[in-house]
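K.L.:
Dropping the structure in here first, questions after.
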Amino acid sequence: MNSVTVTVPATTANIGPGFDCLGAALTLYNDFTFTILDTPETVEISVTGTEAAKVGTDKDNLLYKSFLSLYQHAGLTPPPIKIEIGLNVPLARGLGSSATAIVGGLVGANELAGQPFSINDVMELAIALEGHPDNVVPALFGKCQLSVGQPGNWQICEIPWHDDLIPIVAIPNFELSTEAARAVLPKDYSRQDAIFNIAHMGLLIRGLETGNGNWLSQAMDDMIHQPYRLTLIKGYDAVKLAALASGAYNVVISGAGPTLLALAYRPQAEYVVTAMRETWAMEEVEADVQILALDLEGVRVKP
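Residue numbers (the UniProt record's numbering): 1 to 303.
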């Protein structure tokens, strides 16, 4: 195989109380095409699509570094490579753009190297590169996934997601780095906060499975990350209130933000979209608000 295209879904992580362990794949994708070169040139990278100008095209590119890491882990010499990136997942918005690069680079390299590693081996490498599993695991496997464990002993559990439960993402036109979002988090939490999140995580899992709106309206609250990060997102309170008034079960920060994720019953979804977009506009923030669905496949590979 001299060329392969890898398609990786965006992800929404945490989903309220599921900090660093719960994530879902969404129907928004990045495409990465890898072609082995006949020339001695080490790497050629081109980027098209959403925010293409913000993506570096040198050897520090995260996709390329992930590509190299698999060859290094296998003890193989990486080939000279041409990489074409088609971006649809916005950068630094809390939709797993870095996870798509890590997964895309690892899977592309594994294919071109003759599949020296299983998908679970690739998962281990992806988690090690990302630092936590909540984005890379659903990017690999699709659906909603709970990841529990430690390196070499991860337990991956698919969380059922009710068909009538619609994910709506409101993506503002400003960025928020994961580093900045982590910097505002406290180093320690109270027993009360820990109990709060344990209880809400259990209810969230049942709410996602059943689509029970009463459960979801409470289950998506948390005390670990959202109370600290919401101060970094302009208009958060107003947008959340507008979405709730329009029929959303609840609104949470997607990943590290600033994208907001609303979950709603199917007939209410369009009303929620309009409310979130218009309310953010009143805060002088342009937002791309989209009705998405749960991606069921995860990473795709084609020659």
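Glycine included, every Cβ here is placed at the ideal spot set by N, Cα and C.
In this text, all values refer to a predicted model and were calculated from it rather than measured experimentally.
(1) Under 8 Å by Cβ, that's how I've got GLU84 and THR33 pegged, so tell me the actual separation to the nearest angstrom.
(2) DSSP beta-bridge partners for TYR64?
(3) Whose CA, out of MET220, ILE291, LEU112, lies closest to the CA of PHE196?
(4) Would you call the CB atoms of ASP295 and PRO138 closer than 9 Å?
(5) Leaving out five residues on either side along the sequence, give the residues of the same chain with a beta carbon under 7 Å from the beta carbon of ALA269.
(6) LEU22 and GLN145 - do their beta-carbons sit closer together than 9 Å?
(7) Name the residue from TYR228, ALA256, GLY108, PRO172 whose alpha carbon lies nearest to the alpha carbon of GLY235.
(8) Between VAL89 and TYR64, which are expected to be in contact by the criterion C-beta below 8 Å, what is the C-beta distance as a whole number of angstroms?
(9) Label ASN110 either buried or exposed according to how many other C-beta atoms from any shown protein chain fall within 10 Å of its C-beta, with 16 as the threshold for buried.
(10) Output the residue ranges of the beta strand (DSSP E) runs that lie fully inside the stretch 206 to 293 and measure 3 residues or longer, sorted by chain position.
(11) If you draw a straight line from the C-alpha of ASN135 to the C-alpha of THR39, how long is it?
(12) What are the boundary residues of the alpha helix (DSSP H) that includes VAL137?
(13) Which residues does DSSP pair with TYR29 in a beta bridge?
(14) Which residues does DSSP pair with ARG93 in a beta bridge?
(15) Can you tell me which of the three DSSP states GLY75 falls into?
(16) Select from ALA281, LEU91, PHE141 the residue whose C-alpha is nearest the C-alpha of GLU175.
(17) Can you give me the C-alpha to C-alpha distance between ILE45 and ASP58, rounded to a whole angstrom?
(18) Return the Cβ separation of LEU232 and GLY257 in integer angstroms, given the expectation that the two are a contact with Cβ distance under 8 Å.
(19) Are ILE159 and GLU124 closer than 9 Å when you measure CB to CB?
(20) Let me confirm a value: ILE127 is counted as buried when at least 16 other C-beta atoms fall within 10 Å, else exposed. Which label applies?
(21) Counting C-beta neighbours from all protein chains within 10 Å, is the total for ILE253 16 or more, i.e. buried, or is it exposed?
(22) Does the distance from the C-beta atom of VAL251 to that of TRP280 stay below 9 Å?
P.N.:
Concretely, from the data shown:
(1) 4 Å
(2) Answer is none; TYR64 lacks a bridge partner.
(3) MET220
(4) yes
(5) ILE166, ILE168, ILE291
(6) yes
(7) PRO172
(8) Actually they are not in contact, since the Cβ atoms of VAL89 and TYR64 sit about 17 Å apart, beyond 8 Å.
(9) buried
(10) 248 to 253, 260 to 265, 287 to 291
(11) 35 Å
(12) 136 to 141
(13) PRO9
(14) Partner(s): none; ARG93 has no beta bridge.
(15) coil
(16) LEU91
(17) 7 Å
(18) 7 Å
(19) no
(20) buried
(21) buried
(22) no
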